[in-house]
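In my numbering, the protein residues as written are 345 to 688.
We put the beta carbon where it would ideally sit given N, CA and C, even for glycine.
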């Protein structure tokens, strides 16, 4: 794909995408396609188990490069070991999905297989999206292995989300949406020339972010609002999560991909009063609050309980307005000692 006319943090970046043996591997082609469309140069590899679930031919077609398998690792026609070549080529390694077996090998330093060897040989960030059955994910051995790899240099983990799994069970285990994985990859490249892992300096911190617009009712059909999409607030929330924070997102209607909100606790609201109440309830437990929402400036003193005719609107809209309270000022007045407030 031509990238000379493209712009963005992923343009021209060399990304190695690996799939291991989880049914979530059927989503790996979506991730590869998204990265290529964003301008990245993508190469793929699959483990033997993943090869049963996703076609290497499909990944090769989508990436425009050969998709490597374990049988390619010791090809005698290669002048250098393949796992070393791939590890040195990549600026970022993405493992999506990461199965329990691959996680176990990596945590124990096993180099059995092409992917396991690459993970030991690479010196660049490794973005991992775990995916497995809920009971498997919650097993003490798996959690121990996850804790081990979190301490590895360059590790960036995306926890599995909750939902309906392929085994018909509901719970944690779904791979992070490919859109969110792409977003995380872009964030890692947005800090400078080289792919850089975000500092985990917000580990253990609690952050509340507001995003999107509020809707103040005029009547049963009409509202006063603005064109805020909520994108900046949602992205800020996700970057804070990558830095280790526990994030709550208080938002009005959003115009962003649903997957962008994965991993943060979302509290939807409609009006400024709704948002003010949520802020009052949660402020005492927060280390920081970022007020990114586009709160309406005006609201009706009284909204109509029925839909008004268009002939009634000119007279109605001429009067009966009040200012929406300054939510940031209210937060500032009751700010606990040591709490950080960010306003726009």
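Beta-carbon gap between residue i and residue j smaller than 7 angstroms
i: residue 560; j: residue 637; result: no
i: residue 506; j: residue 443; result: no
i: residue 509; j: residue 517; result: yes
i: residue 438; j: residue 466; result: no
i: residue 366; j: residue 475; result: yes
i: residue 564; j: residue 650; result: yes
i: residue 441; j: residue 473; result: yes
i: residue 588; j: residue 541; result: no
i: residue 500; j: residue 471; result: yes
i: residue 647; j: residue 562; result: yes
First through last residue of the beta strand (DSSP E) which encompasses residue i
i: residue 591; result: 590–595
i: residue 665; result: 665–667
i: residue 531; result: Where residue 531 is concerned, there is no enclosing beta strand (DSSP E), although the alpha helix (DSSP H) it sits in stretches over 522–533.
i: residue 516; result: 514–518
i: residue 576; result: That residue, residue 576, is in no beta strand (DSSP E); its alpha helix (DSSP H) goes 575–586.
i: residue 472; result: 470–474
i: residue 553; result: 550–555
i: residue 642; result: 642–644
i: residue 612; result: 609–612
i: residue 685; result: 684–687
i: residue 502; result: 499–502
Option in the options with minimal Cα separation from residue i
i: residue 585; options: 488, 654, 601, 551; result: 551
i: residue 414; options: 465, 405, 374, 458; result: 458
i: residue 433; options: 448, 388, 421, 475; result: 388
i: residue 362; options: 354, 446, 420; result: 446
i: residue 630; options: 429, 477, 680; result: 680
i: residue 691; options: 574, 533, 659; result: Nothing can be reported for residue 691: it is not among the residues displayed for the chain, which extend from 345 to 688.
i: residue 665; options: 416, 567, 653; result: 567
i: residue 357; options: 571, 532, 435; result: 435
i: residue 534; options: 583, 491, 497, 488; result: 583
i: residue 350; options: 360, 375, 385; result: 385
i: residue 453; options: 421, 483, 489; result: 489
i: residue 483; options: 495, 392, 448; result: 448
i: residue 570; options: 515, 496, 616, 608; result: 616
i: residue 608; options: 392, 572, 520; result: 520
i: residue 675; options: 624, 496, 658; result: 624
i: residue 360; options: 411, 395, 352; result: 411
i: residue 511; options: 539, 530, 529, 480; result: 480
i: residue 599; options: 572, 581, 580; result: 572
i: residue 580; options: 422, 538, 391, 528; result: 528
i: residue 392; options: 670, 456, 424, 420; result: 456
i: residue 495; options: 515, 538, 543, 539; result: 543
Where the alpha helix (DSSP H) containing residue i begins and where it ends
i: residue 478; result: 478–482
i: residue 428; result: 426–433
i: residue 677; result: 671–677
i: residue 630; result: Neither: residue 630 is in no alpha helix (DSSP H) and is coded neither H nor E.
i: residue 509; result: Element bounds for residue 509: n/a, residue is neither H nor E.
i: residue 661; result: 657–661
Anticipated Cβ contact below 8 angstroms, residue i with residue j, distance rounded
i: residue 593; j: residue 553; result: 5 angstroms
i: residue 635; j: residue 558; result: With a Cβ gap of about 12 angstroms, residue 635 and residue 558 do not count as contacting.
i: residue 556; j: residue 596; result: 4 angstroms
i: residue 379; j: residue 526; result: 6 angstroms
i: residue 397; j: residue 369; result: 4 angstroms
i: residue 403; j: residue 469; result: Going by Cβ atoms, the distance from residue 403 to residue 469 rounds to 21 angstroms, so no, they are not a contact pair.
i: residue 668; j: residue 643; result: 5 angstroms
i: residue 546; j: residue 493; result: Contact flag wrong, Cβ pair sits at about 20 angstroms.
i: residue 632; j: residue 590; result: The pair is not a contact, with the Cβ atoms about 11 angstroms apart (cut-off 8 angstroms).
i: residue 409; j: residue 461; result: Rounded, the Cβ-Cβ distance is 19 angstroms, inconsistent with contact.
i: residue 383; j: residue 354; result: 5 angstroms
i: residue 601; j: residue 371; result: That belief does not hold up - the Cβ atoms of residue 601 and residue 371 are roughly 14 angstroms apart, past 8 angstroms.
i: residue 672; j: residue 687; result: 4 angstroms
i: residue 604; j: residue 661; result: About 35 angstroms separates the two Cβ atoms, so there is no contact after all.
i: residue 678; j: residue 627; result: 7 angstroms
> Whole alpha helix (DSSP H) runs in the region 347–384 with 4 or more residues, listed along the chain?
Replying inline: 372–381
> Which full runs of the alpha helix (DSSP H) of 4+ residues lie inside the region 388–464, going along the chain?
Replying inline: 392–395, 400–407, 426–433, 444–451
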